[in-house]
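As you go down the protein sequences, you meet chains W and G in turn.
Residue numbers for the first sequence follow our numbering, so the first one is 220 and each next one is one higher.
Residue numbers for the second sequence follow our numbering, so the first one is 220 and each next one is one higher.
Down below is the structure, laid out as structure tokens.
Protein chains: 2
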Amino acid sequence: MRRTLLEAALSVLQHDGAAALTVRNITDRAGCSTTGIYTHFGGKHGLVEAIFLDGFESFDESLTPHYHSGDLAEAGRAYRRWALANPTHYLVMFGRAVPDFEPSERAAQRAAVSFQFLVDAVADATTVPGDIDPPAAAYHLYATVHGYVMLELVGMGPADTGSLDELYENGLTRALRHRAEVGLELP
Amino acid sequence: MRRTLLEAALSVLQHDGAAALTVRNITDRAGCSTTGIYTHFGGKHGLVEAIFLDGFESFDESLTPHYHSGDLAEAGRAYRRWALANPTHYLVMFGRAVPDFEPSERAAQRAAVSFQFLVDAVADATTVPGDIDPPAAAYHLYATVHGYVMLELVGMGPADTGSLDELYENGLTRALRHRAEVGLELP
DNA sequence: CGACCATCTGTAACTAAGTTATGTCTATAA
DNA sequence: TTATAGACATAACTTAGTTACAGATGGTCG
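And the structure:
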């Protein structure tokens, strides 16, 4: 039942957006009464947290293969692909799309784990150890990519949306180009 | 009365967050009945749109002086200062913090005007015309700065929050460093 | 000057959403 | 076999966005 509710919630989120993520919408789709959310998640807050955590699981599944192959550029492309494929989910995780929801300490740590994967990947890609600070370089990459994606998701990209692919590729390349200054080797 | 309501809404937003931005909270603080929001703004949606527009006005007031003096780095610092001073306001404008709110065409154009100011500033700072594409360079700067600020606002910055100043400065400098490749002169 | 109309404003009610109290049922353990 | 804990439904409560309706206000035209 817990699994059914979570899947129903994700379905509502994907099809109708964060505003439609109501207790009754979810339980109607799951085929149970509103109580289910309280017995299994302790309330709507707990369910949103489950969505948050699930998002980072799915996220990592998309990115870690590219981390392991050392292809940070492709990881950056996969980041955007995931966000565009799950826009409302992304906004719940990063955009405070559900009012009153603040991730718990545990949820924040789960998000930090995803970031740590990136830090490790950057460290692995560093050819001259000591020349760069992997956390700082990773954070710059993370922030840049997140900024591009976030603007695109909320419709604040350029008027000519057709150019977004090219802009993103340009921004990603630029954010990855640490080598000349700080020793990060591009694949 | 319209002014009073808008100021009350901004006050609620600033002090109690986007989740507390309810019709009754606002009208109570403004000292009128709930109807006021409907006569003056057509509903909560219209009021949020007014908040959105007001945000970009205030935003521009903080940034354009630095644009005019040609100091893009200082403009970037002012960007973050504004966001940190008005975190909930920023999230309403850029983070979909109010569910169901999507800026109207007019509001989106107002946001585009703010971006155009940046494009112009980048164009002004370009010493070798033709070497860079001001919209693309401006968008990269915008996206990067936005990414840093957004992560910080939702609490997804580094565990050591004390390092955020330094990280931001580093990211800003990096995003501004177009010169070697594309001819944008740093002040 | 007075009647009229548009606009503003408050009261109260309606619908929907998050939550909780209460009771039933089932399954497991003593 | 009985008792208890957990899952589940029903129904109600509180709060939020919205609207219907009525009174009040203020400017305009005959």
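C-beta atoms are modelled at their ideal positions from N, C-alpha and C, and glycine is treated no differently.
For Met312 (chain W), the enclosing alpha helix (DSSP H) starts and ends at 306-313. In the three-state reduction of the DSSP assignment, Thr345 (chain W) falls in the strand class, which pools E and B.
With the criterion set as a beta carbon lying under 7 Å from some beta carbon of chain W, the members of the region 295-311 of chain G are Leu310, in sequence order. The beta carbons of Ser333 (chain G) and Asp279 (chain G) sit about 6 Å from each other, so the pair counts as a contact at 8 Å. CA-CA distance, Gln233 (chain G) to Thr345 (chain W), rounds to 43 Å. A residue is called buried when at least 16 other Cβ atoms come within 10 angstroms of its Cβ; Val347 (chain W) does not meet this threshold and is exposed. Apart from the 5 residues on each side of it in sequence, Met369 (chain G) sits with its Cβ closer than 8 Å to the Cβ of Phe313, Gly314 in its chain, given in chain order. An exposed status is given to Thr380 (chain G), since fewer than 16 other beta-carbon atoms sit within 10 Å of its beta-carbon.
By the CB criterion at 8 Å, Ala362 (chain G) and Gly390 (chain W) fall inside the cutoff. For Ala355 (chain W), the uninterrupted alpha helix (DSSP H) segment begins and ends at 353-372. Residue-level contact check: Thr241 (chain W) does not touch chain G, since none of the beta carbons of chain G fall below 8 Å from its beta carbon. Interface with chain G (8 Å Cβ-Cβ cutoff): Tyr257 (chain W) is excluded. Within the same chain, and ignoring the five residues on either side of Asp273 (chain G) in sequence, the residues whose Cβ sits closer than 8 Å to its Cβ are Leu225, Leu229. Of all residues in the region 349-370 of chain W, only Pro354, Ala355, Tyr358, His359, Tyr361, Ala362, Thr363, Val364, His365, Gly366, Tyr367, Met369, Leu370 place a beta-carbon less than 8 Å from a beta-carbon of chain G. Beyond the five residues adjoining it in sequence on each side, Thr254 (chain W) comes within less than 7 Å, by CB distance, of no other residue in the same chain. Rounded to the nearest whole angstrom, the CA to CA distance from Glu276 (chain W) to Thr283 (chain W) is 11 Å. Spatial neighbours of Ser323 (chain W) in its own chain (CB-CB distance under 8 Å, excluding positions within 5 residues in sequence) are listed in chain order as Glu268. In this structure, the CA atom of Arg296 (chain G) is about 28 Å from the CA atom of Arg325 (chain G). The beta carbon of Asn389 (chain G) falls within 8 Å of a beta carbon belonging to chain W, placing the residue at that interface. Within chain W, the C-beta atoms nearer than 9 Å to that of Phe313 (chain G) come from Gly314, Met369, Leu370, Val373, Met375, in chain order.
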